[in-house]
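A.B. asks:
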Amino acid sequence: MDGVKALMTLSVLGIACSPRKNGNTTQLLLEAMKTVHKEGHKTEIVYLSDLNMNPCQGCNACSAKGICVIKDDISKLQEKLSQADRVILAAPIFMMGVNSQTKIMIDRMQTFWALKYLHHQSLIKPLGPERIGLFLSAAGTEKTDVFKCAERSIQTLFHMLDIRYAQPCLYSGIDQAGEINEHPTAFDDVCLAARALILS
Ligand SMILES: Cc1cc2nc3c(=O)[nH]c(=O)nc-3n(C[C@H](O)[C@H](O)[C@H](O)COP(=O)(O)O)c2cc1C
Numbered sequence: 150m151d152g153v154k155a156l157m158t159l160s161v162l163g164i165a166c167s168p169r170k171n172g173n174t175t176q177l178l179l180e181a182m183k184t185v186h187k188e189g190h191k192t193e194i195v196y197l198s199d200l201n202m203n204p205c206q207g208c209n210a211c212s213a214k215g216i217c218v219i220k221d222d223i224s225k226l227q228e229k230l231s232q233a234d235r236v237i238l239a240a241p242i243f244m245m246g247v248n249s250q251t252k253i254m255i256d257r258m259q260t261f262w263a264l265k266y267l268h269h270q271s272l273i274k275p276l277g278p279e280r281i282g283l284f285l286s287a288a289g290t291e292k293t294d295v296f297k298c299a300e301r302s303i304q305t306l307f308h309m310l311d312i313r314y315a316q317p318c319l320y321s322g323i324d325q326a327g328e329i330n331e332h333p334t335a336f337d338d339v340c341l342a343a344r345a346l347i348l349s
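For the sequence shown, the numbering used here begins at 150 and goes up steadily by one.
(1) Any chance the region 310-328 sits against the region 156-164, with 3 or more Cβ pairs inside 8 Å?
(2) Taking Thr-174 and Ser-249 to be in contact with their CB atoms under 8 Å, please state how far apart those CB atoms are, rounded to whole angstroms.
(3) Can you tell me which residues form a DSSP beta bridge with Ala-213?
(4) Closest to Met-254 by CA distance: which of Cys-205, Glu-228, Thr-293, Leu-267 is it?
(5) Considering Ser-302, what are the terminal residues of the alpha helix (DSSP H) in which it resides?
(6) For Ala-213, count the other beta carbons within 10 Å of its own beta carbon; 16 or more makes it buried, fewer makes it exposed. Which is it?
(7) Return the CA-CA distance between Asp-221 and Glu-188, expressed in angstroms with no decimal places.
(8) Report the three-state DSSP secondary structure of Lys-183 (helix, strand or coil).
(9) Would you kindly work out how many angstroms separate the C-alpha atoms of Ser-302 and Val-247, rounded to a whole number?
(10) In or out: Asp-337 buried (at least 16 other Cβ within 10 Å) or exposed?
(11) Just verifying my parser: in three-state terms, what is the DSSP assignment at Ser-349?
(12) Residues in its own chain within less than 6 Å of Trp-262 by CB, not counting five upstream and five downstream?
(13) Hey, quick one: how far does the beta strand (DSSP E) through Ile-164 stretch, first residue to last?
(14) Could you give the distance in angstroms between the alpha-carbon of Asp-256 and the alpha-carbon of Gln-270?
(15) Taking DSSP as the reference, what is the three-state secondary structure of Ala-315?
(16) Measuring CA to CA, which of Phe-307, Thr-158, Leu-177 is closest to Asn-330?
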């Protein structure tokens, strides 16, 4: 079984959610994606700050047909999310939760909720491998519960997309862009987590 897993080329989607392209979470994501790429898997990174994304209007139009009425770049991201075998989502903590770009993206996945729970449609590729997701995050403070709300949101997103939540890599006390480079273990941790993600 291990041999079969090692031969399988996985499609790994990285989502950079920070508005800072040189920021801490994006650097962690790039490291994780480098590891995955070196192992021979197919990688793609989407930067949310490059997308034209509008917030969910709560109109519930998606409940009727599972299609969102807002026409922007989210539909392309939905397609990528439904096809990926692994997802690595890197998002910073803003105001004790995920930053707004991440929250806009998550809310717009309500279409998947409607498809799954109202229309009983499967989002998983038939015969594809189990889908697994890794959450990477950084926060400026060292408050004990600083990642709690963010984790809950990401777990909800992954659950809705039938993606198993892997052990996340979360770093507190990391504030200025690039400060993550001074962390003693972060890049090694992320490499290990990325490797575990593709071997699971
Ligand atoms: C608008 C804003 C709100 C923030 N709110 C929090 C917060 O509530 N708790 C915290 O620990 N850090 C907070 N931070 C600090 C960021 O989490 C920290 O700078 C992090 O390293 C940013 O990651 P990035 O470089 O990947 O964007 C906030 C930063 C900004 C810009």
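Note that beta-carbon positions come from the ideal geometry of N, C-alpha and C, so glycine has one too.
C.D. replies: Inspection of the coordinates gives the following:
(1) no
(2) Going by Cβ atoms, the distance from Thr-174 to Ser-249 rounds to 14 Å, so no, they are not a contact pair.
(3) None; Ala-213 has no bridge partner.
(4) Cys-205
(5) 297-309
(6) exposed
(7) 34 Å
(8) helix
(9) 8 Å
(10) exposed
(11) coil
(12) Met-309
(13) 160-165
(14) 19 Å
(15) coil
(16) Leu-177
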